[in-house]
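Below is one structure, written out as structure tokens, with a few remarks after it.
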Amino acid sequence: MSENQNLLAEQRRALIVDEVRRRGGVRVNELTRKLGVSDMTVRRDLDALARQGVLEKVHGGAVPVVEASTHEPGFEAKSGLELTAKEDIARAAAGLVKPGSAIALSGGTTTFALAHQLLDVADLTVVTNSVRVADVFHAAQRSSGPRQGGATVVLTGGVRTPSDSLVGPVADQAIAALHFDLLFLGVHGISVEAGLSTPNLAEAETNRRLVQSARQVVVVADHTKWGVVGLSSFAALEQVDALVTDAGLPADAREEIAEHLPQLIVAGETHEATDI
1 MSENQNLLAE QRRALIVDEV RRRGGVRVNE LTRKLGVSDM TVRRDLDALA
51 RQGVLEKVHG GAVPVVEAST HEPGFEAKSG LELTAKEDIA RAAAGLVKPG
101 SAIALSGGTT TFALAHQLLD VADLTVVTNS VRVADVFHAA QRSSGPRQGG
151 ATVVLTGGVR TPSDSLVGPV ADQAIAALHF DLLFLGVHGI SVEAGLSTPN
201 LAEAETNRRL VQSARQVVVV ADHTKWGVVG LSSFAALEQV DALVTDAGLP
251 ADAREEIAEH LPQLIVAGET HEATDI
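Pasting the structure below:
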């Protein structure tokens, strides 16, 4: 039995998406050989990924979805992608957080994963415009009851986006009055030319406020975000102190990032997160 037959469905589908994006399209028979599973399994995976809007089925295989720079997938669609990478990134990023810190977490599925890794860090103050992130801390407090050293969570108001972030003037005003040690920022896209970007104009403005209120900015993004450009840029790479990503980031991208960022942390390769 091939080792890949034991992959979880979510891991297998993440590999399929990577293959489609890397090659510009794949055939079902190629995926059955690569993954060591049946045609029926591959076709079910392609059906599920097509429903999530991350690829398009064609006769005999699949191709990437051609997305406009304004396209913004919902939280559920994004949450099933690159799960292993996001968990690795979250663990590496959590090593940067000291007990007693005031931190901010933006919206996104990678910051959602990071929130779970921070539940045992004592005396945190967490500012977030993500309903999902706030729910992680609130659920932990409900299950364990009030405890000394638990996190204090500040959830901004605002208008909800498809990715369950709160944005707009209410969020912007709340964030502008605050100051935090570390901002962990999820992004739709990151590139040398466009910096950090998002398809949502209101979210771009709220992210600008988050960056302005942070002493240090850490971007948490898996390798598929490199080279992606959304409608609106909200920060240049020079405004970022560190990028935490996964081992799938290619060598040429690492070289470019090293020229623009003080620190690159590759989860699984960087043995220990250091102070930034």
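Residue numbers (full-length UniProt numbering): 1 to 276.
Built from N, CA and C at the ideal position, the CB exists for glycine as well.
Treat the numbers as computed from the prediction; the structure is a model and nothing was measured.
- In the three-state reduction of the DSSP assignment, Pro199 falls in the coil class.
- Classified as buried, Arg12 has 16 or more neighbouring CB atoms from the shown chains inside 10 Å of its CB.
- Unbroken alpha helix (DSSP H) stretches of 4 residues or longer found wholly inside the segment 230-266: 251-260, given in chain order.
- Of all C-beta pairs linking the segment 175-191 to the segment 94-106, three or more are shorter than 8 angstroms, placing the two stretches in contact.
- Per DSSP, Thr110 lies in no beta strand (DSSP E); the unbroken alpha helix (DSSP H) holding it starts and ends at Thr109 to Gln117.
- Within the same chain, Asp172, Ile175 and Ala176 come within 6 angstroms of Arg209 by CB-CB distance, once the 5 residues on both sides are set aside.
- Counting every other CB atom within 10 Å of its CB across the protein chains shown gives Gly60 a total below 16, marking it as exposed.
- Look at the UniProt domain "HTH deoR-type" (9-64) and you find these whole runs of alpha helix (DSSP H), each 4 residues long or longer: 9-23, 28-35 and 39-52.
- Ala94 and Ala85 have their C-alpha atoms spaced approximately 14 angstroms apart.
- For the pair Val97 and Phe112, the CB atoms are not nearer than the 7 angstroms cut-off.
- Rounded to the nearest angstrom, the Cβ distance from Ile89 to Ala267 is 5 angstroms, consistent with a contact under 8 angstroms.
- Residue ranges of uninterrupted beta strand (DSSP E) with 3 or more members, entirely inside the segment 116-168 and ordered along the chain, are 125-128 and 152-155.
- In the structure shown, Ala177 falls within a coil segment according to DSSP collapsed to helix, strand and coil.
- Val37 has its alpha-carbon roughly 20 angstroms from the corresponding atom of Val58.
- Boundaries of the beta strand (DSSP E) around Ala102: Ala102 to Leu105.
- Rounded to the nearest whole angstrom, the C-alpha separation of Asp39 and Asp120 is 43 angstroms.
- The bridge partners DSSP lists for Val192 come to none.
- Excluding the 5 residues flanking it on each side, Ala151 has same chain C-beta neighbours closer than 6 angstroms at Leu124, Val126 and Phe137, in chain order.
- For the pair Val217 and Asp246, the CB atoms are not nearer than the 7 angstroms cut-off.
- The beta carbon of Ala115 lies closer than 7 angstroms to those of Leu105, Val133, Val136 and Phe137 in the same chain, with the five residues before and after it left out.
- Assigned with DSSP and collapsed to three states, Ala221 falls in coil, not helix or strand.
- As far as DSSP is concerned, Leu210 takes part in no beta bridge.
- Within the model, the alpha-carbon separation for Asp222 versus Gly189 is close to 10 angstroms.
- Less than 7 angstroms divides the Cβ of Leu196 from the Cβ of Ala235.
- Gln263 and Leu46 have their C-alpha atoms some 37 angstroms from each other.
- The Cβ-Cβ distance between Leu55 and Glu10 does not fall below 7 angstroms.
- Using a Cβ distance threshold of 7 angstroms, Asn129 and Thr156 count as a contacting pair.
- In this structure, Leu118 and Val192 do not form a Cβ contact; the two beta carbons are roughly 30 angstroms apart against a cut-off of 8 angstroms.
- Sequence-distant partners of Gln141 (beyond 5 residues in either direction) whose C-beta falls short of 7 angstroms from its own C-beta, in its chain, are Gly150.
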